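Colleague:
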Amino acid sequence: MKTTPIPDSSFLDQIAAAPPPPLPIRKRTWFDITSTRTCEVTNSQCYRYYLNPQNDHGLRTLFMDTLLELAGWPFTLQYFTVETEVGTTNGKRIDILVEGYGPDRGKTIIIENKIHHTVENDLEEYWNHRVDGNGKLAILLTLQRIPHATCKQFKNILHRDWIGAVCNRMDQFTQSPEQKIFFENFTANIGNLNRHTTMNEQISFFVRNTETVNRAVACREAAAGYIKSQLNSAASQLHLGIGRYDHRLMDFLIPEVDSEVYISVIFDELLTPAQELRIVLGLRPKNLDKVALLDNFFREDAESRGLLMNHNCGIGWHNYLTRIYPLSETDWDLLDGLVAAAIKVEFVPFALTIGRKLKEINAQQN
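Numbering-wise (our numbering), the sequence shown opens with residue 15 and increments by one.
1. Please return the same chain residues whose Cβ sits closer than 7 Å to the Cβ of Arg292, not counting the five positions on each side in sequence.
2. Within a Cβ cutoff of 7 Å, which residues of the same chain sit near Pro340, ignoring the five residues on either side of it in sequence?
3. Assuming Asp113 is part of the beta strand (DSSP E), what are its boundary residues?
4. Spatial neighbours of Leu73 within its chain, please: C-beta separation below 7 Å, excluding the five flanking residues on both sides.
5. From the DSSP output, which residues share a beta bridge with Leu155?
6. Assuming Trp141 and Ile124 form a contact by the criterion Cβ under 8 Å, report the distance between their Cβ atoms to the nearest whole angstrom.
7. So is His253 buried or exposed if we call it buried at 16+ other beta carbons inside 10 Å?
8. Which stretch, first to last residue, makes up the alpha helix (DSSP H) that contains Ser80?
9. Measure from the alpha carbon of Leu82 to the alpha carbon of each residue in Arg119, Lys41, Ala179 and Asp109, then state which is nearest.
10. Give the straight-line distance between the Cα atoms of Leu155 and Gln216, rounded to the nearest whole angstrom.
11. Within the same chain, show all residues whose beta-carbon is closer than 6 Å to that of Ser263, passing over the 5 residues directly before and after it, in chain order.
12. So, under 8 Å CB-CB, Tyr93 and Asp118 are touching, yes? Tell me the CB distance rounded to an integer number of Å.
13. May I ask you to report which of helix, strand or coil DSSP gives Lys373?
14. Is the beta carbon of Ser218 less than 9 Å from the beta carbon of Lys373?
15. With Thr52 and Leu207 assumed to form a contact (beta carbons below 8 Å), what rounded beta-carbon distance in angstroms separates them?
16. Assuming contact is defined by CB atoms lying nearer than 9 Å, are Val353 and Leu245 in contact in what I supplied?
17. Give me, in chain order, the residues of the same chain whose beta-carbon lies closer than 7 Å to that of Gln59; leave out the 5 immediate sequence neighbours on both sides.
18. Considering only C-alpha positions, which residue in the set Leu91, Ile195 and Tyr276 is nearest to Leu151?
19. Taking the straight line between their C-alpha atoms, what separation do you get for Val100 and Leu111?
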């Protein structure tokens, strides 16, 4: 059986002598909220918006100027249109197509925008979309360098290099507060996409301190495994079933009312400096419209017992009652008993009472 080495003073001294760099803060953006973070079509639409100097982003030709400089194109381009998802003769789609008009007629930029790592597109087909090669530029825009492009006419430019060149000149422009919000969300999303594709302080620290880091990770994994075993023991002591069970929570089920409510033990904060355990009485999705009615019956009693009624909710779930339990080092040895006692004394009575009330309400409505 594989065992985790117990940290000794020299191990802890190593960490103290060479502390890991702080974790980078990942800025949440609208792309995360709308689940379009890696959507190539959405990102192409953003590039289209910023490439067109007629749009109200306040950056004039900055995106076009920096792109042409990175590509080393010997031409200038001032009069042009920008379109996305442009169909070719054989039914393929060009991600971004820039076409000059007036004095710039005949100049074309074809951009294949890749967020995902593989290039499976027929770049030759895109290149041949305009037969005349004079004044034509083709860009393969990627997160990582593509060593062997399938079409030699395409110049490989990285998202981070383009956005970096743009950001380096931002002090030359003035944007409104709204324009800044749009720009910061777009550039932050590109930065987030690049987090795992570029060398950074965290990776350098790991390379220099591989053994120390792996021992620390093994200790953390051992702690996580211990927490889960203790929660299983608590469920067994209470004769409760187990529902959802993942890296951050475990649901305890009371057979009589598990169709109406459940009890969640959320343990991810135990693995942080806060070392807090959160226990929640949750409502099933069908009961989310009955929160106000339940408050009339149970708010006063719950608050008098120190339970929080903060009504955190999301799609398909609602944390109705919550209590946070800070743990000391000595509490870890008795974790299963502490969890079992908290659930039995503070949550099972409410779960049964609220579950029965919901059954009664649902029966009346049906």
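Each residue gets a CB set at the ideal place from its N, CA and C atoms; glycine is no exception. None of the values given here were measured: they were computed from a predicted structure.
Modeller: On the basis of the supplied data:
1. Along the sequence shown, read from residue 1 onward, the residue named residue 292 stands at position 278. Closer than 7 Å at the Cβ level, and outside the excluded window around Arg292, lie Ile280, Glu283, Thr336 and Ile338.
2. Position 326 of the sequence shown, counting from 1, holds the residue named residue 340. For Pro340, same chain residues with a beta-carbon under 7 Å away, outside a window of 5 residues either side, are Gln289 and Glu290 in chain order.
3. In the sequence shown, the residue the question calls residue 113 occupies position 99. Checking the sequence shown, residue 113 turns out to be Glu, not Asp. First-last of the beta strand (DSSP E) with Glu113: Arg107 to Gly114.
4. Stepping through the sequence shown from its first residue, residue 73 is reached at position 59. These residues qualify, in order along the chain: Tyr64 and Phe187.
5. Translated into the one-based positions of the sequence shown, residue 155 becomes position 141. Paired residue(s): Asn127 and Ile171.
6. Here the question's residue 141 lines up with position 127 in the sequence shown. Here the question's residue 124 lines up with position 110 in the sequence shown. Yes, they are in contact, since the Cβ atoms of Trp141 and Ile124 sit about 7 Å apart, within 8 Å.
7. Residue mapping note: residue 253 aligns to position 239 of the sequence shown, counting from 1. With fewer than 16 other Cβ atoms within 10 Å, it is exposed.
8. Residue 80 sits at position 66 when you count from the first residue of the sequence shown. Here residue 80 turns out to be Thr, not Ser, going by the sequence shown. Leu76 to Ala85 is the extent of the alpha helix (DSSP H) around Thr80.
9. The residue you call residue 82 lines up with position 68 of the sequence shown. Nearest in C-alpha terms to Leu82, of all of Arg119, Lys41, Ala179 and Asp109, is Ala179.
10. Here residue 155 refers to the residue found at position 141 of the sequence shown. Here residue 216 refers to the residue found at position 202 of the sequence shown. As the crow flies, the alpha-carbon of Leu155 is around 26 Å from that of Gln216.
11. Taking the sequence shown and counting its residues from 1, one reaches residue 263 at position 249. What sits at residue 263 in the sequence shown is Leu, not Ser. Result list for Leu263: Ser278 and Ile280, in chain order.
12. Counting from 1 along the sequence shown, the entry for residue 93 is found at position 79. Counting from 1 along the sequence shown, the entry for residue 118 is found at position 104. Confirmed, Cβ separation roughly 4 Å.
13. Indexing the sequence shown from 1 puts residue 373 at position 359. The three-state reading of DSSP puts Lys373 in helix, counting H, G and I together.
14. Sequence index remark: in the sequence shown, residue 218 carries index 204 (1-based). Sequence index remark: in the sequence shown, residue 373 carries index 359 (1-based). With contacts defined as CB atoms closer than 9 Å, Ser218 and Lys373 fail to qualify as a contacting pair.
15. Translated into the one-based positions of the sequence shown, residue 52 becomes position 38. Translated into the one-based positions of the sequence shown, residue 207 becomes position 193. Beta-carbon to beta-carbon, Thr52 and Leu207 are separated by about 7 Å, close enough to satisfy the 8 Å threshold.
16. As a first step, residue 353 must be located in the sequence shown, where it is residue number 339. As a first step, residue 245 must be located in the sequence shown, where it is residue number 231. If you check the CB distance, Val353 and Leu245 come in under 9 Å.
17. On the sequence shown, residue 59 is found 45 positions in, with the first residue counted as 1. Its chain contains Thr98 as the residues whose beta carbon lies nearer than 7 Å to that of Gln59, once the 5 sequence neighbours on both sides are disregarded; these appear in chain order.
18. Your numbering for residue 151 matches position 137 in the sequence shown. Ranking the options by Cα distance to Leu151, first place goes to Leu91.
19. Mapped onto the sequence shown, residue 100 falls at position 86. Mapped onto the sequence shown, residue 111 falls at position 97. Approximately 7 Å, taken between the alpha carbons.
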